[in-house]
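A.B. asks:
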Amino acid sequence: MNAPLPEQRILRVQRVRKSFGGIRAVDDCSLSIAAQSITGLIGPNGAGKSTLFNLVAGLYRPDGGAIWLSNSRIDGLPPFEIVHLGLTKTWQIPHELRNMTVLENLMLGAKNNPGEHLLNILVRPRVVRREERAWRTRAREILRLTQLGGLADEYAKSLSGGQKKLLELARALMTEPAVVLLDEPVAGVNPTLAASLMDLIEGLRQAGRTFFLIEHDMNVVMNRCDRVIVMHQGRTIADGTPASVKANPAVIDSYLGG
Amino acid sequence: MAFDPLFLINVGFYISFAIVFALLAIGFNLQWGYTGLFNAGIAGFFLIGAYTAAIAITAPSPPATGYPGHLGGYQLPVAVGAVLAMVVAGSAAALIALPTLRLRADYLAIATLAFAEVVRTIAINLEPITAGTIGIVGIPRLLEFSGPNKPYLTTATIVGVGAAIVLALLVALHFIVESPWGRVLRGVRDDEEATMAVGKNAFRYKLQVFAIGGALMGLAGWFSVMALPYLEPAGSFAPAVTFSIWVMVIVGGAGNLKGSIVGAFVVYGLEWGSVQLKDLAPPELKDSIPYIRLMLVGVLLIVLIIYRPDGILREKKRVLR
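Read top to bottom, the protein sequences are chains A and B.
For the first sequence, position 160 matches number 160 in the numbering used here, and the numbering has no gaps at all.
For the second sequence, position 258 matches number 516 in the numbering used here, and the numbering has no gaps at all.
#1: Shortest alpha-carbon distance to valine 13/A belongs to which of Met218/A, Ile229/A, Asn113/A?
#2: Hey, how far is the Cα of valine 503/B from the Cα of histidine 328/B?
#3: Mapping DSSP to helix, strand and coil, what is threonine 146/A?
#4: Runs of 4 residues minimum, wholly inside the stretch 135-182 of chain A: which ones carry the alpha helix (DSSP H) assignment?
#5: Taking Cβ positions, are leucine 571/B and glycine 527/B nearer each other than 9 Å?
#6: State the DSSP-derived secondary structure class of glycine 65/A, mapped to helix, strand or coil.
#7: Listed in chain order, which residues of the stretch 201-218 of chain A have Cβ atoms closer than 7 Å to some Cβ of chain B?
#8: Enumerated in chain order, which unbroken segments of the alpha helix (DSSP H) with a length of 4 residues or greater are wholly contained in the stretch 512-563 of chain B?
#9: Could you work out which residues of chain A lie near tryptophan 439/B, taking near to mean beta carbons separated by less than 8 Å?
#10: What are the residues of the stretch 439-457 of chain B that lie near chain A, defined by any Cβ-Cβ distance shorter than 7 Å?
#11: At 9 Å on the CB atoms, spell out the chain B contacts of leucine 166/A, in chain order.
#12: So is glycine 257/A buried or exposed if we call it buried at 16+ other beta carbons inside 10 Å?
#13: Taking the CB atoms as reference points, tell me whether leucine 262/A and leucine 213/A lie closer together than 9 Å.
#14: Could you round the C-beta distance between alanine 478/B and glycine 348/B to whole angstroms and report it? I think they count as a contact, below 8 Å.
#15: Show which residues of chain B have a CB atom less than 8 Å away from the CB atom of glycine 109/A.
#16: Using a Cβ-Cβ cut-off of less than 9 Å, give me the residues of the stretch 61-93 of chain A that come near chain B, in sequence order.
#17: Indicate the three-state DSSP secondary structure (helix, strand or coil) for methionine 100/A in the structure shown.
#18: For isoleucine 300/B, report the span of its alpha helix (DSSP H) as first-last.
#19: Give the secondary structure of glycine 330/B by DSSP, where H, G and I count as helix, E and B as strand, and everything else as coil.
#20: Who are phenylalanine 212/A's beta bridge partners in DSSP?
#21: Can you name the start and end residues of the beta strand (DSSP E) that alanine 238/A belongs to?
#22: Taking 8 Å as the threshold, find out whether the stretch 452-464 of chain B comes into contact with the stretch 84-98 of chain A through three or more Cβ pairs.
#23: Within its chain, find whatever has a CB closer than 7 Å to the CB of alanine 139/A; leave out the 5 residues flanking it on each side and keep chain order.
#24: Does any residue of chain A bring its CB to less than 9 Å from the CB of isoleucine 313/B?
#25: Closer than 9 Å, CB to CB, is aspartate 183/A near chain B or not?
#26: Give the secondary structure of aspartate 448/B by DSSP, where H, G and I count as helix, E and B as strand, and everything else as coil.
#27: Quick check on proline 4/A - is its C-beta less than 9 Å from some C-beta in chain B?
#28: Considering only residues of the same chain and omitting the five flanking positions on each side of valine 338/B, which have a CB-CB separation below 8 Å?
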């Protein structure tokens, strides 16, 4: 009998800590995410889920512990370097760039766009234009994929709440991420759109990307995630298949309720 | 009333100082209108540019009684003065930016306001370099003319060169800010965190645009001593100058380069126009003109914020094809 191959762990969080004043938001938290999985992160409000996401994405600096993205240690790196290593995040409350169009929001995510360097604009204007055209084609594909195609030239501020959620995901995809952290991707999105959003995420996973998402919608968590991690008071209290987590007494006690 | 030929020179003076303010406003617009960096020390970078230019291009100060003299006597060409003014003011902006751009916007405003006041106090007190409150005199003009038409030719040169500079800048800066680089600036303005989360080093962009804005304010300083070949630190670089530039950018339209030019001409036009109309005002109101002018600016601002909050020329939507 062959031993099962160990799954490849693309993201590892090891004993990470973060306090704000006297509050330990993330307290000795360890977890790991399999490559090409959709992993859910659940837990009561104030469990430290969003803080953990901010630590992983580099928006907060951990007080201690280590975070690994594949073979690179990323804790303490600035967010833009982490994006270049292949990890990005979206927000629970959309951070759309209000006074820019939907297409411009996406174009900002373009990775290694030479036109973003002053010198290239002056010295290599042709290369800048060519790359910009290529990225624009890519951006339009992603807009089609996320059902935002018709809104390309609208200001981001004029989108509905649900559309802004889609925009967050679309912009994140422009950075060509290996791992995407989604903070409540379907909150405030109508059920039909939520279902097609999750279908899209499933499709992207099959194409090789990894998703780690915070979600309170149990339908999404139980039916769409391969694995569920539960946080409570800054640390993980359960980790397993949706069914096993659902049956875990500690989880029922702290989060799901009897 | 007979036509006064001096009126033409007066109009030329208005245009040249409107250009000075337009350059300052464009610099501030890049920093705030495009990138969201609230610079409250515009006057400081303006001062640095003006003194750098004056010291670089002026002849040794004449040994007059009571005149303390100033650093200088380099007699460099006026164009070199312009470049030096931009380099020194731009570097000063980069230096002040390094520790302060990591701060929140309100702290940046406080730090830059303090910086400008420190610079002004130094200019007032550091007599061996700046000649103190007496100021620097005998600054050479762009071109020296002689003969009866000298004042007209001098004024025409200043206006012509100033207009050419503004037009050239408009074209060059449009090319730069409507590029992917400029898009990152607007991303930082709208949401710095989100811009970082899609892989942009926000600090680098803020530093670059702050230095470029500072350099343009330095250029304004150089042009101001071209327009008026005399330099004194106390009034010309007071915080009120900074506040006027804010008004010009808001009135003209933040995030629109042409708006800064329109804002400068309109707001400075109110000031200049009210001085011209002084003779028409009833005698009992004459002394109140400066205050009425301030009230007019205030009313303009209020009306505009109510009816056209994005300014006269609002920021354009970028439709990418």
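Every residue, glycine too, gets a C-beta built ideally from N, C-alpha and C.
C.D. replies: Result, derived from the coordinates:
#1: Ranking Met218/A, Ile229/A, Asn113/A by Cα distance to valine 13/A puts Ile229/A first.
#2: It is isoleucine, not valine, that sits at residue 503/B in the sequence shown. Approximately 29 Å between the Cα atoms of the pair.
#3: The answer is coil: DSSP assigns threonine 146/A none of H, G, I, E or B.
#4: With a minimum length of 4 residues, the continuous alpha helix (DSSP H) runs that stay inside the stretch 135-182 of chain A are 161-174.
#5: In this structure, leucine 571/B lies away from glycine 527/B, with their beta-carbon atoms at least 9 Å apart.
#6: In the structure shown, glycine 65/A sits in a strand (DSSP, three-state: E or B).
#7: Per Cβ criterion, the list is empty.
#8: The alpha helix (DSSP H) runs of length 4 or more contained entirely in the stretch 512-563 of chain B are, from start to end of the chain, 515-534.
#9: Among the residues of chain A, those whose CB is under 8 Å from the CB of tryptophan 439/B are Gly115, Glu116, His117, Leu118, Ile121, following chain order.
#10: Flagged, chain order: Trp439, Arg441, Val442, Arg444, Gly445, Asp448, Asp449, Glu451, Ala452, Thr453, Met454, Ala455, Val456, Gly457.
#11: Ordered by position in chain B, no residue passes the 9 Å Cβ test against leucine 166/A, which lies about 15 Å from the chain.
#12: Glycine 257/A counts as exposed, since fewer than 16 other C-beta atoms from the protein chains shown sit within 10 angstroms of its C-beta.
#13: Outside the displayed span of chain A (1 to 258) sits residue 262/A, for which this structure offers no information.
#14: Contact between alanine 478/B and glycine 348/B does not hold, since their C-beta atoms are separated by about 12 Å, which reaches or exceeds 8 Å.
#15: Neighbours of glycine 109/A on chain B, chain order: Val456, Gly457.
#16: Listed by position, the residues of the stretch 61-93 of chain A near chain B (Cβ gap below 9 Å) are Pro78, Pro79, Phe80, Glu81, Ile82, Val83, His84, Thr88, Lys89, Thr90, Trp91.
#17: DSSP places methionine 100/A in coil when its eight states are reduced to three.
#18: From DSSP, the alpha helix (DSSP H) with isoleucine 300/B extends over 300-315.
#19: Shown here, glycine 330/B sits in coil according to DSSP, grouped into three states, outside any helix or strand.
#20: DSSP, once it has assigned bridges, lists Thr39/A, Leu181/A as partnering phenylalanine 212/A.
#21: Note, alanine 238/A: beta strand (DSSP E), 235-240.
#22: The answer is yes - the stretch 84-98 of chain A touches the stretch 452-464 of chain B, with three or more Cβ pairs under 8 Å.
#23: So the list reads Leu103, Leu106, Met107, Met174, once near-sequence residues are dropped.
#24: So, not an interface residue.
#25: Taking Cβ atoms only, chain B never reaches closer than 9 Å to aspartate 183/A, which makes this a no.
#26: Helix, per DSSP.
#27: Only weak support is given to the placement of proline 4/A: the predicted model assigns it a pLDDT of 49, under 50, and the value that follows is read from those uncertain coordinates. So no, proline 4/A is outside the interface.
#28: Same-chain partners within the cutoff: Ala314, Ile315.
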